[in-house]
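Chains as they are written, first to last, in our numbering: chain G, 1 to 244; chain X, 245 to 488; chain E, 489 to 732; chain Z, 733 to 992; chain C, 993 to 1252; chain F, 1253 to 1512.
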Amino acid sequence: MKEEGIELIKDGKRLDGRGFEELRPMKIEVGVLKRADGSCYFEMGNNKALAAVYGPREMHPRHLQNAKTAVVNYRYNMAPFSVDERKRPGPDRRSVEISKVSREAIEPVILKEYYPKTAIDIYVELLQSDAGTRTAGINAASVALADAGIPMRDLVSSVAVGKIEGEVVLDLNAAEDNQGEADMPLAMVTRTGTITMLQMDGRLTKDEFERGLKLATNACREIYELQRTALIEKYSGSIGGGEE
Amino acid sequence: MKEEGIELIKDGKRLDGRGFEELRPMKIEVGVLKRADGSCYFEMGNNKALAAVYGPREMHPRHLQNAKTAVVNYRYNMAPFSVDERKRPGPDRRSVEISKVSREAIEPVILKEYYPKTAIDIYVELLQSDAGTRTAGINAASVALADAGIPMRDLVSSVAVGKIEGEVVLDLNAAEDNQGEADMPLAMVTRTGTITMLQMDGRLTKDEFERGLKLATNACREIYELQRTALIEKYSGSIGGGEE
Amino acid sequence: MKEEGIELIKDGKRLDGRGFEELRPMKIEVGVLKRADGSCYFEMGNNKALAAVYGPREMHPRHLQNAKTAVVNYRYNMAPFSVDERKRPGPDRRSVEISKVSREAIEPVILKEYYPKTAIDIYVELLQSDAGTRTAGINAASVALADAGIPMRDLVSSVAVGKIEGEVVLDLNAAEDNQGEADMPLAMVTRTGTITMLQMDGRLTKDEFERGLKLATNACREIYELQRTALIEKYSGSIGGGEE
Amino acid sequence: MGIEVMEDIRKDYVYDLIESGKRVDGRGFRDYREISVERDIIIKAEGSALVKLGDTSVLVGVKLDIGEPFSDTPNKGVLMTNTELRPGASPDFETGPPNENSVELARVVDRGIRGSEAIDLEKLCIEEGEKVWMTFIDIHALDNDGNLMDAAALGAIASLLNTRIPNERYGLTGEDTLSIRDTPVAVTMVKIGENILVDPNLHEENAATSRLTVISNADGTVSGMQKSGSEGLKEEEIVEMVEIGIEKAGEIREKYLGDK
Amino acid sequence: MGIEVMEDIRKDYVYDLIESGKRVDGRGFRDYREISVERDIIIKAEGSALVKLGDTSVLVGVKLDIGEPFSDTPNKGVLMTNTELRPGASPDFETGPPNENSVELARVVDRGIRGSEAIDLEKLCIEEGEKVWMTFIDIHALDNDGNLMDAAALGAIASLLNTRIPNERYGLTGEDTLSIRDTPVAVTMVKIGENILVDPNLHEENAATSRLTVISNADGTVSGMQKSGSEGLKEEEIVEMVEIGIEKAGEIREKYLGDK
Amino acid sequence: MGIEVMEDIRKDYVYDLIESGKRVDGRGFRDYREISVERDIIIKAEGSALVKLGDTSVLVGVKLDIGEPFSDTPNKGVLMTNTELRPGASPDFETGPPNENSVELARVVDRGIRGSEAIDLEKLCIEEGEKVWMTFIDIHALDNDGNLMDAAALGAIASLLNTRIPNERYGLTGEDTLSIRDTPVAVTMVKIGENILVDPNLHEENAATSRLTVISNADGTVSGMQKSGSEGLKEEEIVEMVEIGIEKAGEIREKYLGDK
């Protein structure tokens, strides 16, 4: 994880000019795809994530159906051209694990019991990647689910914290992640404060961990507001759609 | 496509002595396999193609059945030893595409609606390859279907035209194909003049294209006669079989 | 098969001190796993084999069920660290073949007709390998089946004979197998003298073959006694279990 | 069942409309939907283009890596074209390895570029027989409302036109742009009833039984063709379609690839 | 059907018992099952350990091979961690390629070792950019009665502590032991009702809706975490679990990795 | 269902006939069906043979490529044997990766050739440790009317006997023929009732519960055996079968491999 390299912090600012507790610029577009039941394009710095949601729809093969609830599938995928060195198409171990933790990050808010025997399929495409791709994907997926009209208890918001040059900072970019000492992605249901994803690698003291946790949960609240706003704009737009 | 190499045309004749509009020698044997419901061995120059047909038979898995018609499957396969450099066994992208266009070349003549929910499986093995393998395969498959007693509107005949040293010529062999400037395989239902396969790569002017099209469709009529003759011989043989 | 190397026989003894007709030390433990319905750990020299049996249980997918008998599955697998050079995980052609002949070695003694439509699954893990792994696996599997309470006509016992430096000897270890001139693994139902597995590679005269056959069948009887004893101990232990 | 019935009703509707001279979205038979081409939107890629044909949306990225040449072309770079019909782009696309439609799409785009010799592969040789540039064209379908083929082919050539060779990443020097010598453009047509329509949308694609893609070049030559679908075409229909294809390709080339 | 009903009854039973302050096997909420660690039992492996947590049993083997380094770390050995949830170990495990649970298990163990920098990968470089030791940690599940994660992680570090570098096999000379600088230990906890339990057995794993693994080091720092399961955890619960994790890891380290 | 009943009736018929001393096709118990071996029919292959046993038909092709030797045999060429039970050859064969029957067939043929040391692999070394000839024996089943094993093994050795080393293709000089030192021949027998039959046809294969293949050499030694099937064989039956195997192999060798 730690590598010799450039100075990441200078005069209390990070390479891209951000403060320690500052998120990268974000951009959200709701309902960007025609075929999907719900969709969302989410930029988080240089990450470009596109989420498409289908469902509730018939679950195939049948023997995987759940008689009591919908089955949620989540497929995280990086485009071959999204990274410096071309990624071979197809799932690898990294994307299998990210798909699993992302599904578990989202599942708790979906009212799966409303649609027994069906599937809710979430496809997240990373078109460009710059560290924090799983969190960008979860943010996109959460909005796309709402856009698809899937009944949800709340949105899920996600961000990573990390440690660079001994400092606990928010939302690492790729340069920081490559040289960083720790990375901790997290997802949260803001209204209830429930943490639905938590991963960590690198090395943190207990204090650093707790500081990071606080930082991340606060940032999730910020992201949550952006997600809500984007959905409200789409929603009000569609109500007033005829007059536009 | 274009490569430096030997002279392909000399004194108006091609390397193997053929004229521009001349097919390679062909050989057809009908009903050469015991286990298959229908079969055909087809030589086209140095191409050796063997087609086996099974069906109509039960379609597995069931969820792929079509309630209104038979499902036609077509599997084109090159034997590992059929080419100069050994081919790794198993389907590759080339054989997947050829299987698709070959199936679409054949499908229009099959009376699929007679056998709903069943499968008609066509397996084409290229035992030796010398350019034009897909056309040899289609010619073989078409006869094998008839041999299997599958009801058909007509036979399908197939050949390629190409361009070598600026000339539009019929039925390229491997040496010509390797150095050629264009290749255009085609399949046709002779009686109706319907073209059921058409592919092209290389570079042709509009005039060259039209010339090639004419050349190919005429050659298909020639091949059609050979296919018919082979079937008639087999058929009359089987009628008079007891007296032989 | 034959390679230059160390002397395998000295003063009528083999490298590990054994005589020509002597088995390696064996160790059997019955019922070593909690989750499996039956299990057995079997050491044969430096081979460490672990067999787990599940069943009779529901057969999936259904279309593979047999309406008249249970279906027996046998999966032989070498752990990546069981050999000098790490083995890539997953089945290879060797393990596919060994799984087949091992299943056929065991199947004849299973009263499959008692449990139509079910599956009996046998999983054999080679944790350490030292030549003769398939025979160690069959010995383990046979005891694990009995431990699972699967009704059987008899146990199956297995051992290999081979030829080293011109001598027909029993139960080759890896050093002997690498330099040996022939290897012949065999499995037998002792009570009836029926041979249920027989493979051979290398080169043997007809006389050598017959000598090897005799040697192996005698050794199987020895192994059979050990298998029986291990099961009887387990069984008497479980009857008297409350008082232990 | 219900789905199949709906499918048939929709096909009939499309068919009847076309027989009366109209298309479901009001276009003329020879009109493309609105086309947009945005280039260089993926900074991680050496070249990229987002192409939209109406609601159909395809993102193409070009990546260059260093690798070994094929033994029979030791002085040429390698070109690889790959398609991913991502399951988010359509309820009909499934996860898993590329199926025959996705393989066909990639191979037709690839042949169009090869046939026109658009890329000078010899310029992609770094060290004969040892090191060449591997050029990967990755076609990523985002939203399928019909005619992915033309969108993919247009995205491919548009990306190539702006592709930078990442010499610095590998410590090399040399030209930084790909040498693009031609601009092959694909035009896909379907036959519905006796009518020929360009740029089929999804409903038209489903209603059609045969389809022809014609790829043509700046000089009006053809460098690729592919018929697909379960029915055939007459010789004279094909001749007509090739003419239409060349004409429409010229219009698209001028409008969307004009800055070359 | 019948199976599902039984499953629910069992979950309820586990839940009710825990609500009344008890565990199915009589342990306290903060107690591990009996742990045993047997090292060096596979002579063909460079390092190995058989770890049992009660009836859960995992065999870990370490193999070293020679290979090429990654191009971005030319002076470092390569670490690969792989898990096989062998079908003999549980009726729930299937043959076939690793599924998401098995991938997750391997990757979490791997990250714990990497994060703590337990292995000095630079010492595994033989020839910069050319030849390095590839270290394969293979986790072989033998019997799954719950909490494979902690057993696997403990087996991995225990194996590494005794791993010998097979210099002689490749005609090399050099140090014969791996340089192990830290001893990461994983502690997994589940939440059932409002209770936090360490080292869940199989019934508890099934009854729990969320789980957290905390991997911590000799100096009390954390080098890995992974939440899983279909429900969330409160911030304060996570903080508490990290505390418990560090404490229990210390106990296990002292008792079972003490000879380092 | 209907199919299963038919299968049983057919088995009973075959069984009863054999019990009365007859075979379905009128042969004696020790007789092969008509054998034909056509060599060199695939000019693209370095060696080839089309073998027919009655209606069973197998095409074997040998290809030579240049590759690296295995690290433990740096001075030896590499032999690879592969079987494709092509789906056209039988309604029972499926597309997809080789199943256990196809793997077994390839491996038994391979062991017969290796065990007899028929190919002098050291003569296939071009440059020790660097470059050797890779010899691929590809067995292509065309029509399965029973006993593919003997047809495949006979095709393999017949192809090898005529294999030319393609030195010129790789710019090499050297001997142009493979050095073949022995001619292993496989003879397969089944037991039906108490009777032993050689060269089972398809109906006999289905009716039999056990099968033994014996591969033997010019000097009467055995270089391969494989029992298969769901029932066992008595020791004395095996001894008898080995005798028959050696005798029949001698006859086949003389008649079909005689020009060596």
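Think of the CB as a built atom: it goes at the ideal place given N, C-alpha and C, for glycine as much as any other residue. None of the values given here were measured: they were computed from a predicted structure.
Query, Result
"Taking 8 angstroms as the CB-CB limit, is L892/Z close to chain G?", "no"
"Consult DSSP for T1165/C and reduce its assignment to one of helix, strand or coil.", "coil"
"Counting Cβ pairs, one atom from each stretch, are 3 or more of them under 8 angstroms apart for the segment 182 to 190 of chain G and the segment 139 to 157 of chain G?", "yes"
"Taking the CB atoms as reference points, tell me whether A1393/F and V1310/F lie closer together than 8 angstroms.", "yes"
"In the DSSP assignment, what residue or residues form a beta bridge with T813/Z?", "I869/Z"
"G38/G lies in the beta strand (DSSP E); which residues open and close that run?", "38 to 44"
"Roughly how many whole angstroms lie between the Cα atoms of R1433/F and I408/X?", "47 angstroms"
"What number of angstroms, rounded off, separates the C-alpha of G1348/F from the C-alpha of G753/Z?", "47 angstroms"
"Under DSSP, the beta strand (DSSP E) around K1183/C begins and ends at which residues?", "1177 to 1184"
"Suppose contacts are defined by Cβ-Cβ distances below 8 angstroms. Is S780/Z in contact with D772/Z by that definition?", "yes"
"Flag this pair as yes or no: are the beta carbons of N321/X and L370/X separated by less than 8 angstroms?", "yes"
"So Y1248/C is in the alpha helix (DSSP H); what residue range does that whole segment cover?", "1227 to 1248"
"Going along the segment 371 to 395 of chain X in order, which residues come within less than 8 angstroms of chain Z, judged by CB to CB distance?", "none"
"Contact criterion: CB-CB distance below 8 angstroms. Does Y108/G meet it with respect to chain C?", "Checking the sequence, you will find Pro at residue 108/G rather than Tyr. Output row for P108/G: interface = yes."
"Just verifying my parser: in three-state terms, what is the DSSP assignment at T1087/C?", "coil"
"How is the beta strand (DSSP E) around I408/X delimited, first residue to last?", "400 to 408"
"Since I believe H935/Z is in contact with K762/Z (beta carbons under 8 angstroms), could you give me their beta-carbon distance rounded to a whole number of angstroms?", "According to the sequence provided, residue 762/Z is Arg. The question's Lys does not apply to it. Rounded, the Cβ-Cβ distance is 18 angstroms, inconsistent with contact."
"Taking K1383/F as the reference, give the member of D1390/F, R1363/F, L1357/F, F1322/F with the closest Cα.", "F1322/F"
"Have a look at D1317/F, G1340/F, P1326/F, R1359/F and flag the residue whose alpha-carbon is nearest the alpha-carbon of T1333/F.", "R1359/F"
"Tell me, please, whether the CB atom of P1083/C is closer than 8 angstroms to any CB atom in chain E?", "yes"
"Would V83/G pass as an interface residue toward chain Z - the criterion being a Cβ-Cβ separation below 8 angstroms?", "yes"
"Using only the alpha-carbon positions, how far apart do S346/X and I354/X sit?", "13 angstroms"
"D1317/F by DSSP, collapsed to three states: which one?", "strand"
"As an exercise, report each continuous alpha helix (DSSP H) stretch of at least 4 residues that is fully enclosed by the segment 678 to 722 of chain E, in chain order.", "none"
"What residue range is occupied by the uninterrupted alpha helix (DSSP H) comprising V631/E?", "621 to 635"
"Should D398/X be flagged as near chain Z, meaning a C-beta pair shorter than 8 angstroms?", "no"
"Could you check how far apart the C-beta atoms of P1176/C and I1238/C are, in whole angstroms? I think they sit under 8 angstroms.", "No, P1176/C and I1238/C are not in contact; Cβ-Cβ is about 11 angstroms, not under 8 angstroms."
"Inspect the beta-carbon positions of T196/G and E104/G and report whether they are closer than 8 angstroms.", "yes"
"How about R319/X: is its C-beta nearer than 8 angstroms to some C-beta of chain F?", "yes"
"Looking at the strands, I want to know which residues DSSP matches up with T1308/F.", "L1305/F"
"Suppose the cutoff is 7 angstroms on Cβ atoms and the five residues either side in sequence are ignored; what does the same chain contact list for Y358/X look like?", "P395"
"Indicate the three-state DSSP secondary structure (helix, strand or coil) for G5/G in the structure shown.", "coil"
"In the DSSP output, what is A540/E paired with across the bridge?", "S527/E, Y611/E"
"First and last residue of the alpha helix (DSSP H) that includes V96/G?", "93 to 106"
"Using the rule of at least 16 other Cβ atoms within 10 Å of the residue's Cβ for burial, across every protein chain shown, is I1230/C buried or exposed?", "buried"
"Can you pull the chain C residues whose beta carbon is under 8 angstroms from the beta carbon of E97/G, in chain order?", "E1092, V1095, E1096, R1099"
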